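S.K.: Let me give you the structure first, and then I'll get to my questions.
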Amino acid sequence: MMHSMNFSWTDSNDNSASQKLRSFIENFLNQPGDREYPDLCQLPDLTERTLLENLKARFEKDLIYTYVGSILIAVNPFKFIPIYQPHMNSLYQRPSDRLSDLPPHIFAIAAASYSQMLTKQENQTVVISGESGSGKTTSTTLLLQQLSSFSQYAFRSGVEDTLLSAGPVMEAFGNAKTQHNDNSSRFGKFIQVIYRENGMVNGAIVQKYLLEKSRIVSQSVNERNYHAFYYLIAGATPREKEEFHLTKVCDYFYLNQGRRQFDASPKSCKAEAEGLNVLRKSMEIVGFSPEKQHRVFCVLSAVLHLGNIEFVRKSNYHNDDFVQIKDTDVVSLISDLLGLKQQTLLNALTSKRTKAARGEMLHFSYKYHEAIATRDAMAKCLYAALFDWIVMRINQALLSERDNRDFKGNYIGILDIFGFEDFGGQNYFEQFCINYANEHLHFYFNQHVFKYEQEEYKREGIVWKDIHFVDNIECLKLIEERPNGLLCILDDQCNLSGATNQSMLNSFANQHRNNSLFEMPPCFKDAFIIKHYAGKVKYQITDFREKNSDLMRPDIVGVLKSSSLTFVRELVGTDPLAMFRWQILRAFFRAYFIFTKIREASSARARVAIRTLTSYYSIHSPNYNNHSRSPLPCLKHGDDRQPCATFLKEMILQKADKVNQKRSNTRLNKIPSFRDRPEKSISLLLTLKALTTHRGPTSYLTRTASSKRTPTVTAQFQVSLHQLLDTLSRANPYFVRCIKTNKEKKADHFDDVCVLLQLRYTGMLETVRIRQSGYPVRLLYTEFVQQYRILLKRGTKSDKSDIKAFLDRLQLNPDNYQMGMTKIFMRETEKLNLDTILHEEILRRIICLQRWVRVWFLRRSFLRKRSALRTQAAIKNGPPNSYWNVTRTCEFTDSDDILITDVRELQSMDMFVFKKIYHMDEQKRLSSKESPVDVAFKQALKEFRLNLLSTYSVASSEGSLKISYKDLTDHFEQVILNVCQQQQAWETFPVTMGINAFRGYLDEFRTLAAKRGFDKFVSANRRREYPFMRRTNERRMKEVVERQGHKMFMTIANIPIVCEICTSLVKLGSRVLVCNDCKLTCHKKCLTKVVVSCRDNTLIQQGKKSFRCPIREIGHKRGTFARCARTIDGCHRDERTIR
């Protein structure tokens, strides 16, 4: 939620505030199940009144999340609630398919989607919907925070920090204050977080939809422009203000269109100045260099100054109207900021050029309204192109850090699109497009929640009574159906030269006069009404055609492309691949020019030196021309011994080149193309090109030569929206319904009418009813057998009759499950009962297995000790001429030395194995020959590396990491046997030799770690594996502070959290200390006040063990065998009781 910053947990007494904070979190985790139901499906009496009262009762206790099966309802409290602390993040970090294991939370949705992705190897999506101001943007940020946290801290690749920092950047340039929301998203975005097979983040992609460009030049009453403008004015340094010519907000025409009283209080200015600091830090983490940030702020300042250009009407002796710019100084400022010629910009703003039939160029002066439209069009083009460029650079940073080596994985998509809007009589083209997108999302929700589910019940032949729901397919047909839909008529009117907005409205009325979802207001006003799923909305037709046509003329684009600044030309470029190729070509010619100049300068100096030496010898050696041993023989023109002079010239040139080498390097470093920058691959640029096909105001430049008409805004948006829905249909969806509690944005105020209206048009009552009576768990019989084969008598050979007999034997409630033709349908309660029984059976078998394994360990230890004692006795008592048989030493025995004890050492091992794999790939590339043995061994190393992270990541987070030399060799032996089985290389691959080679790697790793230390080993290898990792991340990993047993590391607060020491709110984007074990969070200044000790992980781990001590200590402590016997007896008694 986008909460206000009023934090009510502070108190005059710090201990009292801390106790209050702990008490609140404890109450949140222990929610009652018989009242204020956490799942609306548990309501005994389902009506609109009971549903509303349950949400209100939970809201009054600050319980803002509620389930409807797997659907999450998030109620916006318009205040901060401390339920997003790092330890809460850690609590929901363990993936689980069952949402009921913990209280409702947005983090639980992330954990469920993550678990489904790993177990089923399917793509997942989380669709966040709701009205404007209901908290969708903050819910997206919280989801990204939780999804990124699934990558263990020691194995973070840098993508996580880049992804989290991209949010504040896009919010600054794409969010604005509206009547309904102080941080309203004026664009839609779909974020795909890509994971590897082992669950680590591998990359991400951000796609944006329909930026509201009209807000740049005009705003409605009590609304503001985009945040970035106010951040820049309030937070710019004095030098930047002088360079960008910035003054006050009220001095800019584009910032005072909302006709509102500007808040110039010191508190507001300070908050906006802090917003710029957060923006700078986020841009730095994403990868924007200080030079790029400066260029971005230059373009922002140019957009502001464009709005201050004023025109005056003039007329000539023919009485033709034309315009002139009132103050040319403003044009001069804009020209300097954009690198344009002043006269070129003046001509572009006041006149246009057209080509006549004979090829002649004709110049026409703009009229007053045309000049205003041209100025605004240039401002919108600049800002929209800047926003597109920022999104492209974010994608470049997220994709360039991706590890593409043998990538096999899935993604989790998060859709945060603009909410349904109704501004009374102030709805325009933007609201029409936004509500059209929400109609599609509502249709998508209905299809998955109601239609597909009920069709599956009928198809499987189970007993089911249909539940009616309101379908909005007719509204979608009204808007987009061909050829008479509103969008088709709008496009046709835009392509007619003589059409107007009024003629468009008449076409609407004539075509849909008899449609029940379309109405015309009385008195024939310039508006029309559509009955959406959320109610009637009245749209004003003002500028409908102009906004849909996107008045960006090619001559304006040509002016911007004539800029002397590469950055401005790059903004209006549409193809990133073409831009990259042009940068390479430009760098080549620049380098060629520089080297040519250096060569010419060196040649000139060489000629001067030769003439000087020649004149010297001519004066001091009278017989110079006749002397055969002269140091410079025969330098005269036409002599047969000319090569000697050529040799001398080359010698001097070589010396000149050495002298000028450093100078040339210095000059080359001044060229931006020769500086160090992130690596760009052709595949990466092709991906970026695909993402920017329909990306903004200049997208019409990408049309093919055969296209006769420029695609309109709605046509582009319609194509991208259908592509989005196609992507969503190929993934498993989760839904988050955000509810706005009141329209006044007041904290702790629950407006019953406002909430009830949202519950009605979203069909929440019908959703709860179908979740109550439906069967959310649907498993194929093969899937059921695979999952519960341990409980079935015939195991994996069981069929439908065996499953039915098994369920009858358990005596489950027959109303909670049904047997279909190919699937079994169950409710969550029965699924939970089955999982409990399965868990108990697995635990029983594990205990039995542990019992025999421990006995085997003790037996082996006993036999070794007895053999050692007999050997010692034989050597001691044997005859003098006896000898020891050394032939038994040929058997290799691995040591039990502990090789890895913490996360850093495990990370070092990961880096070391990666380096070996990389060297093997390099050798293959150079030699182009690779034997089958090398292929199998390299594949085993890759799988070992992946298993290394996935196997020990959980143990490393709990602090119980102890991996011995023998554990690693045994693990690799199992991996190499699996590889041989997969590749059918049992006969050709020497397994023993491969294991011995791996032992050599382990010995080398141990030697390097002992010599260089794990910290240096990790940092050296990390620079090789992740060359684009930010310095801030490396510095943060080194900043570990210990206090009272806490291992505190520095991180950045990307979501609202609170300091657990002083209980004050941590500012977004600021640094905060978090304990690696207990997740204690505090400011750096509060570190000295930490008095509570960290939890003892060793005791926790011992409490989880069956015999309360590690295996290696069995037999060495008194009473161990007695405890073992008592535990085994207890297991037998439990088994007899179950039977």
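Heads up: the sequence shown begins at 1 in full-length UniProt numbering, then just goes up one per residue. We treat Cβ as the ideally placed atom computed from N, Cα and C, and that holds for glycine. The model shown is predicted, which means the values in this text are computed figures rather than measured ones.
Counting C-beta neighbours from all protein chains within 10 Å, is the total for residue 1142 16 or more, i.e. buried, or is it exposed?
M.R.: As displayed, the chain neither begins before 1 nor continues past 1139, which places residue 1142 out of reach and without an answer.
S.K.: Between Arg35, Thr714, Ser268, Thr727, which has its C-alpha nearest Ile191's C-alpha?
M.R.: Of the listed residues, the one whose Cα sits closest to Ile191 is Thr727.
S.K.: In the DSSP assignment, what residue or residues form a beta bridge with Arg353?
M.R.: DSSP, once it has assigned bridges, lists His363 as partnering Arg353.
S.K.: Which one of Thr50, Val127, Met88, His294 has the shortest CA to CA distance from Pro1056?
M.R.: The candidate whose alpha carbon is nearest that of Pro1056 is Met88.
S.K.: Look up Tyr428 in the DSSP assignment and say whether it is helix, strand or coil.
M.R.: Coil at Tyr428, not helix or strand.
S.K.: Considering only residues of the segment 209 to 259, which uninterrupted alpha helix (DSSP H) runs meet the minimum length of 4 residues and lie entirely inside it, listed in chain order?
M.R.: Counting only runs of 4 or more, we get 227 to 235, 238 to 244.
S.K.: Would you mind working out which of Leu29, Lys915, Phe78, Phe445 sits nearest Thr767, comparing C-alpha positions?
M.R.: Checked all of Leu29, Lys915, Phe78, Phe445; the closest Cα to Thr767 is Phe445.
S.K.: At 3 residues or longer, and completely inside the segment 747 to 815: list those beta strand (DSSP E) runs for me, N to C.
M.R.: The qualifying runs are 777 to 780.
S.K.: Relative to the C-alpha of residue 1173, which candidate in Ile739, Glu481, Gln786, Arg851 has its C-alpha closest?
M.R.: For the chain, the structure presents residues 1 to 1139; residue 1173 sits outside this window and is missing.
S.K.: Does DSSP classify Met1048 as helix, strand or coil?
M.R.: Here Met1048 sits in strand by DSSP.
S.K.: Which full runs of the alpha helix (DSSP H) of 4+ residues lie inside the segment 28 to 66, going along the chain?
M.R.: List check, alpha helix (DSSP H) in window: 48 to 60.
S.K.: Please report the Cβ distance between Ile917 and Ile963, rounded to the nearest whole angstrom; I am assuming they are in contact, meaning their Cβ atoms lie under 8 angstroms.
M.R.: Incorrect: roughly 20 angstroms between the Cβ atoms, too far for contact.
S.K.: By a C-beta neighbour count over all protein chains shown, 10 Å radius and 16 as the cutoff for buried, is residue 1142 buried or exposed?
M.R.: Absent from the structure is residue 1142, since the part of the chain shown begins at 1 and ends at 1139.
S.K.: Tell me the residue span of the beta strand (DSSP E) that contains Gly130.
M.R.: Per DSSP, Gly130 belongs to the beta strand (DSSP E) from 124 to 130.
S.K.: Verify whether the separation of the beta carbon atoms of Val299 and Leu382 is less than 8 angstroms.
M.R.: In contact: Val299 and Leu382 (Cβ atoms closer than 8 angstroms).
S.K.: Using the Cα positions of Leu210 and Phe717, report the straight-line distance between them to the nearest angstrom.
M.R.: Whole-angstrom Cα-Cα distance: 7 angstroms.
S.K.: Using the beta-carbon count (16 or more within 10 Å), is Glu1113 buried or exposed?
M.R.: In this prediction, Glu1113 has a pLDDT of 40, which is less than 50 and means its spatial position is unreliable; nothing more can be read from the coordinates.
S.K.: Could you spell out where the beta strand (DSSP E) holding Gly188 opens and where it closes?
M.R.: 188 to 195 is the extent of the beta strand (DSSP E) around Gly188.
S.K.: Where do the ends of the alpha helix (DSSP H) carrying Ile489 lie?
M.R.: Start and end: 486 to 494.
S.K.: Can you give the Cα-Cα distance for residue 1144 and Pro32, rounded to whole angstroms?
M.R.: Residue 1144 is absent from the structure shown; the chain starts at 1 and stops at 1139.
S.K.: For Tyr92, which option in Pro104, Gln872, Pro82 has the closest C-alpha, if you only look at C-alpha atoms?
M.R.: When only C-alpha atoms are compared, the closest one is Pro104.
S.K.: Answer with buried or exposed for Ser148, where buried requires no fewer than 16 other C-beta atoms within 10 angstroms of its C-beta.
M.R.: Buried.
S.K.: Does the Cβ of Asn472 have 16 or more other Cβ atoms within 10 Å, making it buried, or fewer, making it exposed?
M.R.: Under this definition Asn472 is a buried residue.
S.K.: Where Phe518 and Gly425 are concerned, what is the direct C-alpha to C-alpha distance, given to the nearest angstrom?
M.R.: If I take the Cα positions, the gap works out to 16 angstroms.
S.K.: What does DSSP give as the partner residues of Tyr539 in its beta bridges?
M.R.: DSSP lists Asn427, Phe528 as partners of Tyr539.
S.K.: Within its chain, find whatever has a CB closer than 8 angstroms to the CB of Ala371; leave out the 5 residues flanking it on each side and keep chain order.
M.R.: Excluding positions up to five away in sequence, the list reads Phe311, Val323, Leu349, Thr350.
S.K.: Check each candidate in Tyr84, Met819, Gln257 and name the one with the smallest Cα separation from Ser801.
M.R.: When only C-alpha atoms are compared, the closest one is Met819.
S.K.: Using only the alpha-carbon positions, how far apart do Glu905 and Asn225 sit?
M.R.: So the two alpha carbons sit approximately 51 angstroms from each other.
S.K.: Apart from the five residues just before and just after Ser18, which ones in its own chain have a Cβ nearer than 8 angstroms to its Cβ?
M.R.: So the qualifying residues of the chain are Glu1060, Ile1061, Thr1063.
S.K.: Which two residues bound the contiguous alpha helix (DSSP H) that contains Asp726?
M.R.: Element bounds for Asp726: 713 to 729.
S.K.: Going straight from the alpha carbon of Ala373 to that of Lys538, what length do you get?
M.R.: Straight-line Cα distance between these residues: approximately 26 angstroms.
S.K.: For Glu421, which residues in the same chain have their Cβ closer than 6 angstroms to its Cβ, ignoring the five residues on either side in sequence?
M.R.: Cβ within range, chain order: Ser132, Gln431, Ile434.
S.K.: With Asn76 as the anchor, note down where its beta strand (DSSP E) starts and where it stops.
M.R.: Here the beta strand (DSSP E) through Asn76 covers 71 to 76.
S.K.: Can you tell me where the beta strand (DSSP E) holding Phe735 begins and where it ends?
M.R.: Phe735 -> beta strand (DSSP E) spans 732 to 740.
S.K.: How far does the beta strand (DSSP E) with Gly167 in it reach, from first residue to last?
M.R.: First-last for Gly167: 159 to 174, but that is the alpha helix (DSSP H), not the beta strand (DSSP E).
S.K.: Would you kindly report the start and end of the unbroken alpha helix (DSSP H) that includes Met504?
M.R.: Note, Met504: alpha helix (DSSP H), 501 to 511.
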